[in-house]
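A.B. asks: My questions will all concern the structure given below.
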């Protein structure tokens with residue numbers, strides 16, 4: 017029995033084949049960031065951050081991060097042009113971020129998302145973002161310690177955890193584009209100073225077209241909570257009270273419960289009621305120690321202010337014709353007859369929103 021087992025151990029490794037489908041890093045140029053812009057002539061300008069890996073021998077490798085540009089009428093033409101400008105085999109599977117300039121995004125992003133989604137070598141988890149101004153202005157920034165694409169990725173991941181922007185990838189954006197009952201919002205980046213980039217808020221979409229309307233990062237967290245996309249936390253700062261006695265308060269949302277109800281009356285008028293409950297932790301609140309603190313009043317003041325902001329946000333969604341809350345999806349699922357006889361792009365602006373926010377302070381720390 018031992019001899020038989022020994023023979024198997026000797027023969028099996030000989031018969032096993034090695035990995036024939038090898039793709040060595042030293043033979044490839046990794047694309048870690050891609051940007052698209054619209055030129056004055058109506059062409060598409062693309063820029064990529066290409067990471068070249070060169071073997072120096074002895075197990076030592078040298079990295080070079082370079083910016084490569086191309087300009088063509090179509091996305092497919094851009095790919096062919098890039099092939100001729102970049103040495104080695106191009107590998108887009110490490111393209112962590114795809115930045116689309118706002119002017120180009122207004123024309124529609126379907127063709128760009130489809131190109132990456134259907135390409136077998138593409139990375140479907142790439143972050144899709146919209147830039148204020150030209151996307152190239154962000155991707156062309158130079159960083160000493162790390163390639164700019166990695167810096168942008170870290171910024172986006174931090175903003176996702178803080179519920180400032182949604183988690184949007186090639187895969188999720190493609191699914192959003194195919195869904196006629198809900199519009200998407202995408203992270204909105206801007207370049208500040210000469211060497212910094214920051215999240216400015218979210219860009220509102222109608223279908224695959226950027227509407228030209230954004231929500232600042234101070235309000236995007238509340239929109240995401242209304243969309244039931246709260247992440248782990250969300251920090252906000254508000255001014256409460258009458259003009260004669262204004263007080264600032266900052267807090268962090270720790271938990272969210274949302275209830276969304278779409279009602280259709282006999283005349284086919286659509287009303288959307290949203291009840292949002294927030295459990296928050298107060299971070300700072302300057303107070304007058306001569307008077308006892310009224311937690312109940314602060315809860316009510318916060319609830320009133322956030323309800324006011326929620327109404328402003330839903331009005332902005334209507335003006336931008338952005339169905340980010342997925343009202344159309346509710347209509348198509350529960351009122352199919354109505355859905356089949358209306359043109360949702362035209363009907364959406366008539367939706368009546370009734371948001372209500374209730375705040376509950378669960379923790380104050382050392383504030384009071």
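Residue numbers (the numbering used here): 17 to 384. We put the CB at the ideal spot given by N, CA and C, even for glycine. Fair warning: this is a prediction, and the values are worked out from it, not measured in the lab.
1. Please report the straight-line C-alpha distance between residue 377 and residue 339, rounded to a whole angstrom.
2. Would you mind stating whether residue 126 and residue 199 have Cβ atoms separated by less than 8 Å?
3. For residue 323, which three-state DSSP category applies?
4. If we call anything under 8 Å between Cβ atoms a contact, is residue 165 one with residue 203?
5. With DSSP collapsed to three states, give me the class of residue 86.
6. Can you look up residue 179 in the DSSP assignment and give me helix, strand or coil?
7. Give the straight-line distance between the Cα atoms of residue 172 and residue 186, rounded to the nearest whole angstrom.
8. According to DSSP, which residues form a beta bridge with residue 142?
9. For residue 367, which of helix, strand or coil comes out of DSSP?
10. Which ranges would you report for the beta strand (DSSP E) in the stretch 105-135 if only whole runs of at least 3 residues count?
11. Quick check: what's the CA-CA separation for residue 347 versus residue 115?
12. Tell me whether residue 191, by its Cβ, gets closer than 7 Å to a heavy atom of the ligand FMN.
13. Taking 7 Å as the limit between beta carbons, can you name the residues of its chain near residue 140, skipping five residues before and five after?
14. Name the one or two DSSP bridge partners that residue 212 has.
15. Expressed to the nearest angstrom, what Euclidean distance is found between the alpha-carbon atoms of residue 263 and residue 215?
16. Among 356, 293, 49, whose alpha-carbon lies nearest the alpha-carbon of residue 84?
17. For residue 350, I'd like the list of residues in its chain whose CB is within less than 8 Å of its CB, leaving aside the five on either flank, ordered along the chain.
18. How would you write the range of the beta strand (DSSP E) that residue 232 sits in, first residue to last?
C.D. replies: Let's see:
1. For the purposes of this step, residue 377 is identified with residue 361 of the chain shown, where counting begins at 1. For the purposes of this step, residue 339 is identified with residue 323 of the chain shown, where counting begins at 1. Cα to Cα, the separation comes out at about 31 Å.
2. Position 110 of the chain shown, counted from the start, is the residue given in the question as residue 126. Position 183 of the chain shown, counted from the start, is the residue given in the question as residue 199. Going by beta carbons, residue 126 and residue 199 fall outside the 8 Å limit.
3. Position 307 of the chain shown, counting from 1, holds the residue named residue 323. Annotated three-state conformation of residue 323 is helix, per DSSP.
4. Here residue 165 refers to the residue found at position 149 of the chain shown. Here residue 203 refers to the residue found at position 187 of the chain shown. For the 8 Å CB-CB criterion, residue 165 and residue 203 do not form a contact.
5. For the purposes of this step, residue 86 is taken as the residue at position 70 of the chain shown. Residue state, collapsed to three classes: strand.
6. Mapped onto the chain shown, residue 179 falls at position 163. Of the three classes helix, strand and coil, the one that applies to residue 179 here is coil, per DSSP.
7. Here residue 172 refers to the residue found at position 156 of the chain shown. Here residue 186 refers to the residue found at position 170 of the chain shown. Rounded to the nearest angstrom, the two C-alpha atoms are 15 Å apart.
8. Against the chain shown, residue 142 aligns to sequence position 126. Answer by DSSP bridge pairing: none, since residue 142 is not bridged.
9. Numbered from 1 along the chain shown, position 351 holds the residue referred to as residue 367. Residue 367 falls in the coil class under three-state DSSP.
10. Fully enclosed beta strand (DSSP E) runs of 3 or longer: 105-107, 113-117.
11. The residue labelled residue 347 in the question sits at position 331 within the chain shown. The residue labelled residue 115 in the question sits at position 99 within the chain shown. Cα to Cα, residue 347 sits roughly 33 Å from residue 115.
12. With respect to small molecules bound, the structure shown includes none, and the ligand FMN cannot be examined in it.
13. Stepping through the chain shown from its first residue, residue 140 is reached at position 124. 133, 185, 186, 187.
14. As a working mapping, residue 212 is identified with position 196 in the chain shown. DSSP lists 208 as partners of residue 212.
15. Here residue 263 refers to the residue found at position 247 when the chain shown is read from its first residue. Here residue 215 refers to the residue found at position 199 when the chain shown is read from its first residue. Roughly 27 Å separates the two Cα atoms.
16. In the chain shown, residue 84 corresponds to position 68, counting from 1. The residue from 356, 293, 49 with its alpha-carbon nearest to that of residue 84 is 49.
17. Here the question's residue 350 lines up with position 334 in the chain shown. Cβ neighbours of residue 350 beyond the five flanking positions: 278.
18. Counting from one through the chain shown, the residue named residue 232 turns up at place 216. Secondary structure note for residue 232: its beta strand (DSSP E) is the uninterrupted segment 225-232.
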